[in-house]
């Protein structure tokens, strides 16, 4: 038709040329200049580790200190507190230890205030403290044992996180790391209170993650498999050989974990490398949970 303009579709060769020109065009890569390993640097960060005076907590406290963080450990046993504090001193990072019984709610606020007064605003909270009652099931477990486990394993996580999250939300930055368990996924016929608390940690982690995301606060959890600690010592005893054998046969790695093997995941979740990770439960279990 006279006066009409007909546009022909571009040939694939032309489209390929345009695409190659696009790829060769200068790109502002200023935001990518940071060396990848710097993403895991914890220098300048203040980290609290509850139950940091032994087992998994001790390894996590030492691990984040070696990554540059200032560390405050919170625990009930003053002798163990001082032992780990001495180890932390050898890392060269600032460290303090507070004697706190997290089952006593009136100790939470003063402990947080003391930490912030001595070290500054808290950047990372690792909720690790916990106890277990190997009662043999609900027919055997007393109400008192149930209450004690739930208070330390669940209520204290909620309450201490609440204190830390207020400051984090105001500053628009922070990380909360909850320590779960394989019993976050599976039931336990011998430790119902422990299993119930660790299962609840999953949902609490997700709920906090949703609420705090607009404040640039990430909340995640680690689910350790079977690790060599004082708490798991009874399972490795001759009396529970059948259970121990079952754990080893179910774990593809074929062994118990070493607490230092949790440090990498904790540093990742405590650092800016995980700024777009929230609400996750990361198993560190030698494959136990995939069977």
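Numbering (the working numbering), first residue to last: 1487 to 1777. Quick reminder that beta carbons are idealized off the backbone N, C-alpha and C, glycines included. Just so you know, these numbers come straight off a predicted model, no measurement behind them.
query	result
Identity of the residues DSSP links to residue 1767 by a beta bridge	1707
Three-way DSSP call (helix, strand, coil) for residue 1561 in this model	strand
Simplified DSSP assignment, three categories, for residue 1661	strand
Nearest-angstrom beta carbon gap, residue 1558 and residue 1601 [assumed within contact, 8 angstroms]	5 angstroms
Proximity of residue 1702 and residue 1691 at Cβ, strictly below 8 angstroms	no
Helix, strand or coil at residue 1781 [DSSP, three-state]	The chain is shown only over 1487 to 1777; residue 1781 falls outside these bounds and no answer can be derived.
Where the beta strand (DSSP E) containing residue 1613 begins and where it ends	1610-1613
Secondary structure of residue 1588, DSSP reduced to three states	coil
Euclidean distance between Cα positions of residue 1522 and residue 1663	22 angstroms
Among 1641, 1627 and 1607, the one whose alpha carbon lies nearest that of residue 1614	1641
Closest Cα partner of residue 1633 within the set 1648, 1616 and 1655	1616
CB-CB length for residue 1685 against residue 1774, believed under 8 angstroms	The Cβ separation is near 16 angstroms, so there is no contact.
For residue 1541, the first and last residue of its enclosing alpha helix (DSSP H)	1541-1552
Residue 1610 beta carbon less than 8 angstroms from that of residue 1661	yes
Near the ligand SAH: residue 1588 beta-carbon under 7 angstroms from a heavy atom	What this structure holds is no ligand at all, so the ligand SAH is not there to describe.
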